[in-house]
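Protein sequences appear in the order of chains A and P. If you count the first sequence from 1, position 1 lands on 508 in this note's numbering, and the numbers rise without skipping. If you count the second sequence from 1, position 37 lands on 631 in this note's numbering, and the numbers rise without skipping. A quick write-up on the structure given underneath.
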Amino acid sequence: MHEFTIAQGIVDFLRETYSAKGYRITSFRIALGELSMFDKNLIIGLVRELIKGTELEGAKFTVSIEEATIKCESCNQIHTFKELTKALSNDEKEMIHFIPELISSFARCLSCGSRDLKIITGRGVMVTDIAVKKA
Amino acid sequence: MQLRKHKEEITDYRDYLIKKRLSRISFTVFVGSGKGGVGKSLIAATTGLLLSNFGLRAALLDLDMHGPSSSMILNITELPREEKEGLSPPSVDNLKVMSIGLFVKEAPLPLSGEAKREALKELLAITDFGHLDYLIVDLPPGTGDESLAAINLITNNRGVILVSSPSLLSLQVVRRAAIFFKDMKVKIIGLIENMVINERLGETYKLAEELGIPFLGYIPYDMRVAYVSEKIDPAELVKTEFAEALKKALMKAKIID
């Protein structure tokens with residue numbers, strides 16, 4: 508239930524950073540990095556539930572998946588998440604779900620075999636496009 | 595009424611989670627050296643066990659991202675458990691233990707500087723240590739990304755125990771580390787000389803005096819703990835001469851009574 512921790516973290520963060528300072532949040536966007544492998548619909552449901560009865564109730568929000576790109580620092584080849592993780596086991600994918608950087612522990616560049624992999628996009632979770640009104 | 599868009603403010607909710615989690619920890623003890631191979635990880639793990647045996651709520655966080663060894667020292671193979679509040683670390687003798695080593699087992703850890711900082715941040719954000727009296731942080735050798743990131747994330751109620759071996763080479767590196775921690779405004783709890791064969795007031799004591807930091811004592815070279823591959827039972831580890839000497843050092847540092 509890693510998703511619950513993330514959803515709760517986002518809601519608590521928004522309430523403490525904006526609501527507690529006298530702002531009313533009207534909308535926000537949650538970008539889920541593909542590498543984190545979060546269940547988008549679960550996050551939507553959890554956030555919807557968690558904002559009920561709080562200062563955030565009524566705020567519009569969207570959740571999008573940011574596609575992951577991973578660059579091999581040895582040969583500059585760019586990989587997609589699906590390409591790199593195709594051969595991985597579910598257990599290995601779960602470890603990447605917890606700590607995306609571990610992709611270099613389990614995957615290798617498909618062109619040269621190097622493990623010097625750098626996450627370019629789609630790493631973790633971001634809250635962005637936060638629109639607020641002074642309450 | 596003005597509508598403000600915080601477009602540029604891409605916010606990292608993990609900062610909030612980390613702050614919340616750290617607020618439940620009374621004090622963080624970094625165990626550092628600057629030098630590798632001085633027995634830092636064993637001291638960090640045994641400190642955690644001793645605190646736990648004293649009835650204190652303690653956890654060990656292994657931040658050696660390239661050579662995590664705490665899970666091996668403490669014979670932990672269990673994975674952290676996913677729970678509502680985050681990842682619940684496995685424990686041994688009531689000491690909670692979190693390490694990147696638990697996730698990768700024997701796979702390599704080819705992490706760049708930025709990747710190490712991100713991984714550490716993630717680890718701190720998702721791990722639910724609960725309420726703790728002490729969090730012991732086993733720092734890697736050197737004063738690089740992991741140490742910098744840990745110091746920048748764990749900003750309150752913290753101190754460092756420095757570990758040196760009797761060798762002059764080790765002392766030279768520890769001196770550099772001490773200056774680093776002072777500059778980063780991390781309280782130096784004291785200096786321990788580990789792997790001691792002949793106990794006498796030597797160069798480590800002089801270095802502590804020169805730096806104006808407490809000298810916490812000597813830890814003997816203990817054959818029983820010298821080869822961790824022999825898999826010492828944690829219950830046996832705390833009964834060794836090594837652990838007895840460490841206990842005295844922790845008492846001197848007023849970490850235990």
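We put the beta carbon where it would ideally sit given N, CA and C, even for glycine.
message = Measuring only the C-alpha atoms, how far is Asp851 (chain P) from Lys625 (chain A)?
response = Straight-line Cα distance between these residues: approximately 47 Å.
ask   = Where DSSP assigns a beta bridge to Gly753 (chain P), which residues make up the other side?
value = P:Val623, P:Lys781
key: Proximity to Glu573 (chain A) [Cα-Cα], best of A:Glu562, A:Ile603, A:Ile627   = Glu573 (chain A) has its Cα closest to that of A:Ile627, out of A:Glu562, A:Ile603, A:Ile627.
ask   = Under 8 Å between C-beta atoms, does Ser611 (chain A) make it to chain P?
value = Yes - at least one Cβ of chain P is within 8 Å of the one on Ser611 (chain A).
task = Output yes if chain A places a C-beta closer than 8 Å to the C-beta of Phe723 (chain P); else output no.
result = no
ask   = Are the C-beta atoms of Glu556 (chain A) and some chain P residue less than 8 Å apart?
value = no
ask   = Is there a Cβ from chain P that is less than 8 Å from the Cβ of Thr576 (chain A)?
value = No - not a single Cβ of chain P is within 8 Å of the one on Thr576 (chain A).
query = So is Pro734 (chain P) buried or exposed if we call it buried at 16+ other beta carbons inside 10 Å?
reply = buried
inquiry  = Rounded to whole angstroms, what is the Cα-Cα separation between Ile606 (chain A) and Gly516 (chain A)?
reply    = Within the model, the alpha-carbon separation for Ile606 (chain A) versus Gly516 (chain A) is close to 16 Å.
task = May I ask you to report which of helix, strand or coil DSSP gives Ser665 (chain P)?
result = helix
task = Could you please tell me which residues of the segment 685-696 of chain P, in chain order, have their CB closer than 8 Å to any CB of chain A?
result = Ile694
request  = List the residues of chain P whose Cβ lies closer than 8 Å to the Cβ of Met602 (chain A), in chain order.
outcome  = Phe697, Val698
ask   = For Lys841 (chain P), which residues of its own chain have a beta-carbon under 8 Å away from its beta-carbon, when the five flanking residues on both sides are left out?
value = Leu644, Ile850
query = First and last residue of the beta strand (DSSP E) that includes Glu573 (chain A)?
reply = 567-573
request  = Using beta-carbon positions only, say whether Asp636 (chain A) and Tyr610 (chain P) come within less than 8 Å of one another.
outcome  = no
query = Around the C-beta of Ser823 (chain P), are 16 or more other C-beta atoms found within 10 angstroms, so that it is buried, or is it exposed?
reply = Bear in mind that the predicted position of Ser823 (chain P) carries a pLDDT of just 49, short of 50, making it too unreliable to give a figure here.
query = Quick one: does Ile606 (chain A) have its CB under 8 Å from some CB of chain P?
reply = yes
task = Could you please give the first and the last residue of the uninterrupted alpha helix (DSSP H) stretch that includes Lys625 (chain A)?
result = Run containing Lys625 (chain A): none in the alpha helix (DSSP H); it sits in the beta strand (DSSP E), 624-628.
message = Please state whether the Cβ-Cβ distance between Val623 (chain P) and Tyr728 (chain P) is less than 8 Å.
response = yes
request  = From the DSSP output, in three-state form, read off Ile637 (chain A) for me.
outcome  = In this structure, DSSP gives Ile637 (chain A) an extended state, which the three-state scheme calls strand.
task = To the nearest angstrom, report how far apart Ile783 (chain P) and Ile755 (chain P) are at their CA atoms.
result = 5 Å
inquiry  = Does the beta-carbon of Val639 (chain A), which I'm using as the reference point, lie nearer than 7 Å to any heavy atom of the ligand SAH?
reply    = With respect to the ligand SAH, the structure shown offers nothing to examine, as it has no ligands at all.
Other residues of its chain near Arg598 (chain P): CB distance less than 6 Å, five sequence neighbours each side excluded = Confidence at Arg598 (chain P) is low in this model, with a pLDDT of 48, below 50, so its placement is unreliable and the value that follows should be read with caution. The answer is none, since no qualifying residue turns up.
request  = Return the Cβ separation of Ser682 (chain P) and Arg675 (chain P) in integer angstroms, given the expectation that the two are a contact with Cβ distance under 8 Å.
outcome  = 5 Å
ask   = Taking the alpha-carbon positions, what's the Asp606 (chain P) to Leu717 (chain P) distance?
value = 14 Å
ask   = So the alpha helix (DSSP H) Ser581 (chain A) belongs to, where does it begin and stop?
value = It is not in any alpha helix (DSSP H) - Ser581 (chain A) carries neither H nor E in the DSSP assignment.
inquiry  = Tell me the DSSP secondary structure of Pro852 (chain P) in three-state form.
reply    = In the structure displayed, chain P extends from 595 to 851; residue 852 (chain P) sits before or after that span and is not available.
query = Does DSSP put Met789 (chain P) in a helix, in a strand, or in coil?
reply = strand
query = Pick from P:Pro828, P:Ala802, P:Tyr812: whose alpha carbon is nearest that of Leu844 (chain P)?
reply = P:Tyr812
inquiry  = Does Val832 (chain P) come out as helix, strand or coil in the three-state DSSP assignment?
reply    = coil
task = For Ala680 (chain P), write down the residues that DSSP places opposite it in a beta bridge.
result = Reading off the sequence, residue 680 (chain P) comes out as Gly, not Ala. Within the DSSP bridge table, the entry for Gly680 (chain P) names P:Glu677 as partners.
request  = Let me know the beta strand (DSSP E) ranges lying completely inside the segment 508-561 of chain A, each 3 residues or longer, listed in chain order.
outcome  = 530-540
query = Where Ile791 (chain P) and Arg711 (chain P) are concerned, what is the direct C-alpha to C-alpha distance, given to the nearest angstrom?
reply = 37 Å
inquiry  = Quick check: the Cα distance between Gly724 (chain P) and Gln584 (chain A), rounded to an integer number of angstroms?
reply    = When only Cα atoms are considered, Gly724 (chain P) and Gln584 (chain A) end up about 42 Å apart.
Extent of the continuous alpha helix (DSSP H) run through Ala847 (chain P) = Per DSSP, Ala847 (chain P) belongs to no alpha helix (DSSP H) and is neither H nor E.
ask   = Taking the continuous alpha helix (DSSP H) assigned at Val698 (chain P), which residues delimit it?
value = 695-698
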